[in-house]
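Each remark here refers to the structure printed beneath this line.
Next up, the structure:
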């Protein structure tokens with residue numbers, strides 16, 4: 008998985024599950040030199056399996072979904088930008104939500120995730 012922060016991109020190894028999410032958070036804190044006292048938000052950018060739609064999965068709670076999408080995209084070879092990346096934002100900076108246009112997008116929206124149509128790290 009790639010992580011982008013302040014114009015820099017880092018590659019990190021990820022594993023699914025609660026232990027994988029905790030390890031991911033530790034890696035991000037170490038890479039970005041973020042102390043435990045600073046909260047951060049993460050937005051995962053990936054492609055929807057089957058359709059290739061750009062997705063933005065908001066928050067660390069979407070970690071497993073992002074890892075799953077990346078895994079499926081990599082297996083399918085879904086284009087040159089297969090996989091997933093994460094954008095970390097210290098102090099929880101967020102963007103406005105985008106309206107889901109596909110059935111998969113509406114399902115993700117029901118779980119608090121959102122589609123992303125921008126060109127950022129997808």
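In the working numbering, the protein residues as written are 8 to 129.
Note that CB positions come from ideal geometry on N, CA and C, so glycine has one too.
Note that the coordinates shown come from a computational prediction; the quantities given were computed from them, not determined experimentally.
If you follow the alpha helix (DSSP H) that residue i is part of, which residue opens it and which one closes it?
| i | result |
| --- | --- |
| residue 41 | Element bounds for residue 41: n/a, residue is neither H nor E. |
Alpha carbons only, please: which of the options is nearest the one belonging to residue i?
| i | options | result |
| --- | --- | --- |
| residue 69 | 19, 15, 23 and 18 | 23 |
| residue 13 | 30, 59 and 49 | 49 |
| residue 30 | 59, 71, 60 and 15 | 71 |
| residue 56 | 79, 8, 36 and 19 | 79 |
Output yes or no for whether 8 angstroms exceeds the beta carbon distance between residue i and residue j.
| i | j | result |
| --- | --- | --- |
| residue 10 | residue 38 | yes |
| residue 67 | residue 26 | no |
| residue 54 | residue 64 | no |
| residue 47 | residue 73 | no |
So, is residue i buried or exposed, given that buried needs 16 or more other C-beta atoms within 10 angstroms?
| i | result |
| --- | --- |
| residue 45 | exposed |
| residue 28 | buried |
| residue 43 | exposed |
In the DSSP assignment, find the beta strand (DSSP E) that holds residue i and state where it starts and stops.
| i | result |
| --- | --- |
| residue 48 | 47-54 |
Three-state secondary structure (DSSP) at residue i?
| i | result |
| --- | --- |
| residue 22 | coil |
| residue 9 | strand |
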